[in-house]
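Novice: Chain order of the listed sequences is A and B. Just so you know, my numbering puts the end of the first sequence at 303, numbered straight through with nothing missing. Just so you know, my numbering puts the end of the second sequence at 1108, numbered straight through with nothing missing. For each residue, glycine too, the CB sits at the ideal point set by N, CA and C. No experiment lies behind these values; they were computed from the predicted model shown. Sharing a structure, written as structure tokens. Questions coming.
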Amino acid sequence: MTTSLTSRLVDVLTEILDLEEREIVRGDIEESGATGNQAAREVFGLLVRRQLDQWTHWQPWITFSALILPLAFVLSIVSERTARGSSVYLWMYANNWHWSDVQNAGFWRVLGESTLLVLTGQLALVCGAWSGGFLIGAISRKMVFTNSLLLALMLLLGAAVGAPLYEEFYSQYLHRSFGMPFFPDPNAPVFDVAFYRQAFPLIVQGAFVVIPALWGIPRGAGLADFSRPIRILLWTAAMVSLTVMLAQDQDLWIFLRVPMRPVFTQRWMQLLQITVYWPTLYLGALAIGRFRKTTAVEGEYIR
Amino acid sequence: MLGEFEYLMLTAAARLGEGAYGVSIRQEIESTIGRSCSMGSLYTTLDRLEKKGFVKTWLGDPTPQRGGRPKRMVQVTVKGIQAARDFYIAITRVTRGASWEINRIAIQ
């Protein structure tokens, strides 16, 4: 049991190495007859050294400071706001459910609209996080392991500290710069419930940001396997979708003191917003390609 | 100037000649000096030596005892031999007269 577990661990760890080195290392382990535990220790040691070695160059520092850190910050804020928005609807239905409502035709219409709103918001968040992970993986292929750890850590810090601090700063900023009064929160009853105030934002951050972002990193690292035109297309899609995600948030425009409404009501901008969902298209196309390949191989085998 | 472990690796690879590759170098170092040599230190040092031009590495043929996987073969270059010789001379010179020098210990 332990051996098979550690052997599996060795397989997973060696997957992080470059293809050539992976084969050499697996061969070394086989030849030296190392036990599962010894092999896992050896590979982990090599992996740590390889990752630490990268930090002697400038690229990982740039990736961390110019991409991972701001991305984790922005995603944490978007996630916090998505969680707050979703909390209101969830509270509305889960905490205020009346069976008599189901007889009302208007109830179903509102339920349909709010479900669509919540789902598209969550999907946009998932896609934005995935795109961010994808970019990180594409920029720094050799740092998949460390960058995944760093991004997860930064997202955790972002949810626990960064986003709440920023929201506080933002309302202060609005008050000081535009004289906006501190209105009482109309959704206060929702956030009086500890679950919506504390647990739900963390659940949203974990499920809809951390997991998709970590999923996107190895996908981005595999970008080099594609042809140049496809690489350019995917890069552009990821960049545009992140820019749109950032631009959709009103804060940036408020800080820049530029009215956002004229830009966002334009049709081209609304169309551009669809690009946020590009990962669904990309992953769908990959799945179809893989399915076709498998059925073709099975067909060959049967013949 | 070489580091201590780099020197050990160069010497082990030179002694092994055509049979120098990852596992054999590790075994050579471990059996000669009785110090364990991890896979991490072996391959990162090997990369460093290759970058400095002291060794040349390439993929060897796959063998059955390695599950059909290739070896990373190692050959010390002329530059590597020169660097190892310089290191040895420097160490020998700097040790002369020190209390732990082999001949001196024998005399005492």
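Check each candidate in A:G179, A:R197, A:F178 and name the one with the smallest Cα separation from D185 (chain A).
Specialist: That would be A:R197, whose Cα lies nearest to the Cα of D185 (chain A).
Novice: Using three-state DSSP, classify L1001 (chain B) as helix, strand or coil.
Specialist: The question names Leu, but residue 1001 (chain B) in the sequence shown is Met. Looking at M1001 (chain B) - three-state DSSP - the assignment turns out to be coil, as it is neither helix nor strand.
Novice: Assuming G222 (chain A) and G133 (chain A) form a contact by the criterion Cβ under 8 Å, report the distance between their Cβ atoms to the nearest whole angstrom.
Specialist: About 12 Å; that fails the 8 Å criterion.
Novice: One question on the structure: do R1072 (chain B) and R26 (chain A) come within less than 7 Å of each other, judged by their Cβ atoms?
Specialist: Result no, Cβ atoms of R1072 (chain B) and R26 (chain A) do not sit closer than 7 Å.
Novice: So if I threshold CB-CB distances at 9 Å, which residues from the segment 1023-1047 of chain B count as touching chain A?
Specialist: Of all residues in the segment 1023-1047 of chain B, V1023, R1026, Q1027, S1038, M1039, G1040, S1041, L1042, Y1043, T1044, D1047 have a Cβ within less than 9 Å of some Cβ in chain A.
Novice: At which residues does the beta strand (DSSP E) containing T1057 (chain B) begin and terminate?
Specialist: Per DSSP, T1057 (chain B) belongs to the beta strand (DSSP E) from 1055-1059.
Novice: Are there 16 or more other CB atoms within 10 angstroms of the CB of V1109 (chain B), so buried, or fewer, so exposed?
Specialist: Given a span of 1001 to 1108 for chain B in the structure shown, any question on residue 1109 (chain B) remains unanswerable.
Novice: Counting only the same chain and skipping the five closest in sequence on each side, list residues whose C-beta sits under 8 Å from that of L47 (chain A).
Specialist: So the list reads L13, I16, L17, F145, once near-sequence residues are dropped.
Novice: List, in order along the chain, the chain A residues whose C-beta lies closer than 9 Å to that of G1019 (chain B)?
Specialist: Under the 9 Å cutoff, chain A gives no residues; its nearest Cβ is about 13 Å from G1019 (chain B).
Novice: Which stretch, first to last residue, makes up the alpha helix (DSSP H) that contains M92 (chain A)?
Specialist: Unbroken alpha helix (DSSP H) run through M92 (chain A): 69-94.
Novice: So, for V240 (chain A): in the same chain, excluding its five sequence neighbours on each side, which residues have a beta-carbon less than 6 Å away from its beta-carbon?
Specialist: Taken in chain order, the residues that qualify are T275.
Novice: On the DSSP letters alone, give me the boundaries of the beta strand (DSSP E) that M1073 (chain B) sits inside.
Specialist: Taken as a continuous stretch (DSSP letters only), the beta strand (DSSP E) holding M1073 (chain B) covers 1072-1076.
Novice: Using a Cβ cut-off of 7 Å (strictly closer), state whether I16 (chain A) contacts chain B.
Specialist: I16 (chain A) does not count as touching chain B.
Novice: Just mark E20 (chain A) as buried or exposed, buried being the case when its beta carbon has 16 or more other beta carbons within 10 Å.
Specialist: Exposed: under 16 other Cβ atoms inside 10 Å.
Novice: Rounded to a whole number of angstroms, what is the C-alpha to C-alpha distance between W99 (chain A) and R109 (chain A)?
Specialist: Whole-angstrom Cα-Cα distance: 16 Å.
Novice: Given that Q1065 (chain B) touches chain A, what residues does it touch there, using C-beta distances under 8 Å?
Specialist: E30, E31, listed in chain order.
Novice: Taking buried to mean at least 16 other C-beta atoms within 10 Å of its own C-beta, is T295 (chain A) buried or exposed?
Specialist: Exposed is the call here.
Novice: Would you decide whether D192 (chain A) is buried or exposed? Buried here means 16 or more other CB atoms lie within 10 Å of its CB.
Specialist: With fewer than 16 other Cβ atoms within 10 Å, it is exposed.
Novice: Leaving out five residues on either side along the sequence, give the residues of the same chain with a beta carbon under 8 Å from the beta carbon of T2 (chain A).
Specialist: In this prediction, T2 (chain A) scores a pLDDT of 48, lower than 50, which makes its location untrustworthy; no coordinate-derived value is stated.
Novice: Would you mind reading off the limits of the alpha helix (DSSP H) that contains D53 (chain A)?
Specialist: Here the alpha helix (DSSP H) through D53 (chain A) covers 36-54.
Novice: Any chance the segment 1007-1026 of chain B sits against the segment 279-289 of chain A, with 3 or more Cβ pairs inside 8 Å?
Specialist: Not touching, per the Cβ criterion.
Novice: With DSSP as the reference, label R1069 (chain B) as helix, strand or coil.
Specialist: If DSSP states are grouped into helix, strand and coil, R1069 (chain B) belongs with the strands.
Novice: When the cut-off is 7 Å and only beta carbons count, does R8 (chain A) lie next to chain B?
Specialist: So, not an interface residue.
Novice: Touching or not, the segment 229-248 of chain A and the segment 105-123 of chain A, by the rule of three or more beta carbon pairs under 8 Å?
Specialist: No: fewer than three Cβ pairs fall under 8 Å.
Novice: Is it true that the CB of I68 (chain A) sits closer than 7 Å to the CB of L135 (chain A)?
Specialist: It is not a contact, given that the beta carbons lie outside the stated cut-off.
Novice: Closest Cβ-Cβ distance between R1069 (chain B) and chain A: below 7 Å?
Specialist: With 7 Å as the cut-off, R1069 (chain B) counts as an interface residue toward chain A.
Novice: On the DSSP bridge assignment, give the partners of T1063 (chain B) in chain order.
Specialist: T1063 (chain B) pairs with B:R1069.
Novice: Just the Cα atoms here: how many angstroms apart are E31 (chain A) and T1063 (chain B)?
Specialist: Their Cα atoms are separated by approximately 9 Å.
Novice: Say whether the segment 90-99 of chain A touches the segment 54-71 of chain A, bearing in mind that this needs 3 or more beta-carbon pairs closer than 8 Å, one atom from each stretch.
Specialist: Verdict: no, contact absent.
Novice: Beta-carbon within less than 7 Å of R219 (chain A)'s beta-carbon, same chain only, minus the 5 sequence neighbours each way: which residues are those?
Specialist: Result list for R219 (chain A): F134, G137, in chain order.
Novice: Any Cβ of chain A within less than 7 Å of the Cβ of R1015 (chain B)?
Specialist: For R1015 (chain B), the answer is no, since every Cβ of chain A falls outside 7 Å of its Cβ.
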